[in-house]
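Trainee:
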Amino acid sequence: MIYTNSDGGARGNPGPGAIGVVVRDEGKILVKFSSMVGSFVTNNIAEYEGLIKALQLASKHTEDEVTCILDSELVVKQLLGKYKVRNPLLLELFLKVQKEQENFKVVKYKCVSREDKFQKLADEILNEELEKHGFKKKVFR
Numbered sequence: 076m077i078y079t080n081s082d083g084g085a086r087g088n089p090g091p092g093a094i095g096v097v098v099r100d101e102g103k104i105l106v107k108f109s110s111m112v113g114s115f116v117t118n119n120i121a122e123y124e125g126l127i128k129a130l131q132l133a134s135k136h137t138e139d140e141v142t143c144i145l146d147s148e149l150v151v152k153q154l155l156g157k158y159k160v161r162n163p164l165l166l167e168l169f170l171k172v173q174k175e176q177e178n179f180k181v182v183k184y185k186c187v188s189r190e191d192k193f194q195k196l197a198d199e200i201l202n203e204e205l206e207k208h209g210f211k212k213k214v215f216r
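Take any residue in the sequence shown, note its place counting from 1, add 75, and you have its number in my numbering.
Structure follows, in structure tokens:
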């Protein structure tokens, strides 16, 4: 079984956005990936972009079953049909996810806390990507 943890974030929401993805099996991390996804995106767009990349990377390791783990309740509930996708930009990304799902026999979605250790790793690598491109975290005092 292959698992993915993906995360997306934007500094400013909307603002510069990046994704972080971890692909793993039962015992070890197979891939860690991060990249910028745009100069003016929302957190939700970045979350979808992260999931799309996670599915693409997972397809290099299996055609059978993949469990996609995210910390975005909105994205997971939209994919499970519990929420409607009303935003046209998110709908376009939702349909890309549907297309990527065709590469697997079974795709499961799970929403976890940001405190999940692999979710934290996905968050760390997306933030490193943003910082590498000069987008520092805002410090609130």
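A virtual CB, placed ideally from N, CA and C, is assigned to each residue, including glycine. In this text, all values refer to a predicted model and were calculated from it rather than measured experimentally.
1. Spatial neighbours of G83 within its chain, please: CB distance less than 6 Å, with the 5 preceding and 5 following residues excluded, ordered by chain position.
2. Go to Y184, then tell me how far its alpha helix (DSSP H) extends in each direction, as first and last residue.
3. Using DSSP's beta-bridge definition, name the partner residues of S109.
4. Spell out the partners DSSP gives D82 in its beta bridges.
5. Taking the Cβ atom as the reference point for each residue, do K107 and C143 lie within a distance shorter than 8 Å?
6. Is there contact here, the segment 77-91 with the segment 191-211, by at least three beta-carbon pairs under 8 Å?
7. Would DSSP call G125 helix, strand or coil?
Mentor: Result, derived from the coordinates:
1. I94, A121, E122, E124 and G125
2. Here Y184 belongs to no alpha helix (DSSP H); instead the beta strand (DSSP E) covers V181 to C186.
3. G95
4. G95
5. no
6. yes
7. helix
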